[in-house]
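Student:
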Amino acid sequence: MRGTIASIDGNTLHVNHRDGSKLDVTLSDPLTVRTVKKVDLASIEPNTYVGIATKTAADGKLTALEVLVFPEAMRGAGEGHYAWDLEPGSMMTNGTVKGAVTATSGRELSIGHKDSSNTISVPPGVPVVTFAPAERADLKSGAKVFFSATKNAEGKLATGSVTVEKDGVAPPM
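Residue numbering for the sequence shown follows my numbering, beginning at 647 and increasing consecutively.
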């Protein structure tokens, strides 16, 4: 889920979802709060584990919408190539960088996942980030957030992990 924090009241996060709806989300205990910080695209080398949201260009090639460099402890998270909801028709590819080359318009990354691979063009200006620690106090009105939620025992949305905008860097996922 993506949106903007409207307010926080105890263990309830009130979010204005990007589709215009209002969500009340129970924050589970323990709660993981993290943010993202910018990373230089040139620092991505073979064996780096990444998640890249893409769209398919007119020529049929995958073009990055955003790149997330996972910390080593998250290697394997969501591995594969599958539909993603960043924008209509977008896909997500989580895998290990097998090769990286400078291209005429940015950089091309070859991403290996499970028994397959994809080559993805990363144009200049595409957000490239990694996770960084944050605190519950960073959950402030007006901050953009990204999280997944499930329905708890009471049938209410609940999450144990929130990625929040901090220092002007919003989660691009």
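Beta carbons are placed, not taken as given, at the ideal position from N, Cα and C, and that holds for glycine.
#1: Can you give, in chain order, each stretch of the beta strand (DSSP E) that sits fully within the region 785-813 and has at least 3 residues?
#2: Which residue marks the beginning of the beta strand (DSSP E) containing threonine 694, and which one marks its end?
#3: Between which two residues does the beta strand (DSSP E) carrying phenylalanine 777 extend?
#4: Counting only the same chain and skipping the five closest in sequence on each side, list residues whose C-beta sits under 8 Å from that of proline 717.
#5: On the DSSP bridge list, what partners appear for glycine 735?
#6: With distances taken from CA atoms, which of Asn798, Leu714 and Gly706 is nearest methionine 819?
#7: With distance defined between alpha-carbon atoms, name the residue in Gly745, Gly722, Leu659 and Asp655 nearest to alanine 804.
#8: Output needed for threonine 765: all residues of its chain with C-beta closer than 8 Å, excluding positions within five of it in sequence on either side, in chain order.
#9: I believe glycine 726 touches lysine 760 by the beta-carbon criterion, under 8 Å. Please report the beta-carbon distance rounded to the nearest angstrom.
#10: So, helix, strand or coil for arginine 753, using DSSP?
Tutor: Based on what the coordinates show:
#1: Runs of the beta strand (DSSP E) inside the region 785-813: 790-792 and 803-810.
#2: Looking at the DSSP string, threonine 694 is not in any beta strand (DSSP E), and its letter there is neither H nor E.
#3: 774-779
#4: Thr776 and Phe777
#5: Per DSSP, none; premise fails for glycine 735.
#6: Leu714
#7: Leu659
#8: Excluding residues within five positions, the ones whose Cβ falls inside 8 Å are Lys707, Leu708, Glu754, Leu755, Ser756 and Ile757.
#9: Confirmed, Cβ separation roughly 6 Å.
#10: strand
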